[in-house]
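Presented below is the structure to which this report refers.
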Amino acid sequence: MNRFLATMIIVLATGAVLSPKQSFAQSIGVDADLAVPLEDGYDVGYGFGGRVGFGLPIPAITLQAEAIGDWATMGISDVDGSTSIWRLGAGVRVGLGLPIVPDVFAHLAYASASSTIGSLSADTSGLSWDIGIASTLLGLPLVDLGLHIAYKSFSPSEDNADSFNWLVFGVQGDFGF
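In structure tokens, the structure reads:
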């Protein structure tokens, strides 16, 4: 796991140094993710997401307001079960507009989680947030392709419920227009 994390950071940094940053007025982004739970008793899972962004015209900075939607599922260890989390929210993505600096992003979202163990299931909802970095590895005329790493947290609205935290390692495509 530590080697994987170190490799992802090196690839992100290399991509940030070697690739030009596209700056679009509007963009639609898609993500495919590996979801790594930070809680005991869960297995690595996967997810996908989408973003719609609106760039703000600020010199030397890329500042983009975003609406997001994503989904992740992770298995529950030692039983036939899984937990799935849907999130809908908004946030911001910021970069210096230079090829050397990756983007930093953060979002606040409403989340709904569903856990299933055999024939039993439970649903809950609450607040979720994420923070992460992304880097473009291949900038084409209408699309940027890259990688991202994010820390995500979900806090159920029930009293005395613990938050659920996970890391995301993913690939992304941003289509600008």
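For the sequence shown, position 47 matches number 259 in our numbering, and the numbering has no gaps at all.
Think of the CB as a built atom: it goes at the ideal place given N, C-alpha and C, for glycine as much as any other residue.
- As DSSP reads the structure, Pro353 sits in no beta bridge.
- Shown here, Asn372 sits in coil according to DSSP, grouped into three states, outside any helix or strand.
- When Tyr258, Val383, Ile280 are compared, the shortest CA-CA separation from Asp356 is found for Val383.
- The beta carbon of Ile343 sits closer than 6 Å to the beta carbons of Ala318, Tyr363 from its chain, once the five residues preceding and following it are set aside; these are given in chain order.
- Around the C-beta of Gly265, 16 or more other C-beta atoms lie within 10 Å, and the residue is accordingly described as buried.
- With 16 or more other Cβ atoms inside 10 Å of its own Cβ, Ala323 counts as buried.
- Looking at Ser375, Val304, Ala321, Phe389, the one whose alpha-carbon comes closest to that of Glu251 is Ser375.
- Pairwise C-beta distances place the stretch 269-283 in contact with the stretch 296-304, as three or more of them are shorter than 8 Å.
- Taken atom to atom, the span from the alpha-carbon of Leu308 to that of Phe260 is near 27 Å.
- In this structure Gly293 is in contact with Gly330, their Cβ atoms being roughly 7 Å apart against a cut-off of 8 Å.
- In this structure Leu359 is buried. Its beta-carbon is surrounded by 16 or more other beta-carbon atoms within 10 angstroms.
- For a cut-off of 8 Å, the C-beta gap from Gly262 to Ala237 is around 18 Å, too long to register as a contact.
- Per the C-alpha coordinates, the member of Gly338, Ser347, Leu332, Ala321 positioned closest to Ser369 is Gly338.
- With 16 or more other Cβ atoms from the protein chains shown falling within 10 Å of its own Cβ, Ile345 counts as buried.
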